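Here the sequence shown is numbered in numbering that gives the first Met the number 0, starting from 0 and rising by one per residue.
Read through the structure below, which is laid out as structure tokens, and then see the notes.
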Amino acid sequence: MHLFRIRGIPLALHFSFFLLLAYVAFEGWQAEGPAGLVWSLLTVIAFFSCVVLHELGHSFTAMHYGIGVRRILLMPIGGMAEFDSLPREPRRELLITLAGPAVNFILAALLWWPVHRLTGTIYLYSASGLLLQLFYANLVMGLFNLVPVFPMDGGRIFRAMLATRLTYLRATRWAAGVGKVLSIVGMLVMGLWLHSLLGALLFAFILMAGEAEYRAVLRREMEDAHWRAMLARLYGPRPVEPPLLDH
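Shown next as structure tokens:
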């Protein structure tokens, strides 16, 4: 579902997002009745507004380098900015990637002043409770995205650093391999220890996305190698013919 555009970037909701809204609204109603329902929905909307700002950090930095942004898609497990292409220059990928968590840390810093001044009992379904939740949510979002689980921000930062020493394909292979191991660990921790189905699904999605992106990079490298070999055969140096001898 397309909502609106921000500087030409379409903002869209995945259909499953409405299931999250329904679940949160039900939980709020069960806890505090109509007031709980309203505050629960406001909390989700405020949290995902921070997610949108995180993705806009990536998107605006990418646009600065001439990279088009197809859309920002919001899902129950978070947001995703879809680019026309990804820069292979490590410095650019590093800056584009760091821009997202930087937005969260800036928001947390801005929220620190009002949160620091809160006194007395802080209730969950209240304005002070919402401020406190947003402060911690931005801190957690910024730190969590720096975990080197490819293709999350931390994994992309890891690849950009590796790409300064390795080829782009080898750097992607290493980043995807480390990300795969950490994703499996995350699934086990979320599913068996914390009993969080949504958290386990998040790491399962990250695992599949990392493998898909590595295969896409591998396919592109193979196609580039094929075309380079074909051009070399067509336009490579021709053998020098021996000079004609006068009789």
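No residue lacks a Cβ here, since even glycine has one placed at the ideal position from N, Cα and C.
Computed from a prediction, not measured in an experiment: that's the story for all the values here.
Where residue i falls, given that 16 or more other Cβ within 10 Å makes a residue buried
i    : result
R69  : exposed
T171 : buried
P150 : buried
Y234 : exposed
S288 : Here the chain covers residues 0 to 246 and nothing more, so residue 288 does not appear.
L230 : exposed
G67  : exposed
S84  : exposed
D223 : exposed
Y248 : In the structure as shown, the chain starts at 0 and stops at 246, and residue 248 therefore has no counterpart that could be examined.
Y135 : exposed
L55  : buried
R155 : buried
A174 : buried
G187 : Correcting the residue identity first, residue 187 is Leu in this sequence and not Gly. Exposed is the call here.
H57  : buried
I44  : exposed
Residue i - DSSP class collapsed to helix/strand/coil
i    : result
V247 : Residue 247 is absent from the structure shown; the chain starts at 0 and stops at 246.
M79  : strand
V216 : helix
A162 : coil
N137 : helix
H246 : Because H246 carries a pLDDT of 45, less than 50, the predicted location of this residue cannot be relied on, and the following value inherits that uncertainty. Three-state result, H246: coil.
E88  : coil
R232 : helix
L129 : helix
R6   : coil
L193 : coil
F206 : For the record, residue 206 in the displayed sequence is Leu; it is not Phe. L206 falls in the helix class under three-state DSSP.
I121 : coil
V23  : helix
M221 : helix
Y64  : coil
N103 : helix
V188 : helix
R116 : coil
V146 : coil
G32  : coil
Residue(s) in a DSSP beta bridge with residue i
i    : result
A276 : Any answer about residue 276 is impossible in this case: the structure gives the chain only from 0 up to 246.
Whether residue i touches residue j by CB criterion (9 Å)
i    : j    : result
L10  : L19  : no
M140 : P100 : yes
R169 : E92  : no
G198 : K179 : no
G78  : F59  : no
Y122 : A30  : no
L145 : S182 : no
S15  : M74  : yes
L106 : N137 : yes
G185 : F202 : yes
T42  : L109 : no
E81  : I95  : no
L23  : L40  : It should be pointed out that residue 23 corresponds to Val in this sequence rather than to Leu. Contact: yes.
G152 : L200 : The identity of residue 152 in the sequence shown is Asp, whereas the question assumes Gly. Against a cut-off of 9 Å, the Cβ pair of L200 and D152 comes out as no contact.
P86  : T163 : no
Cutoff 9 Å: residue i Cβ touching any chain B Cβ
i    : result
A199 : The chain labelled as chain B is not found in the depicted structure, where only one protein chain is given.
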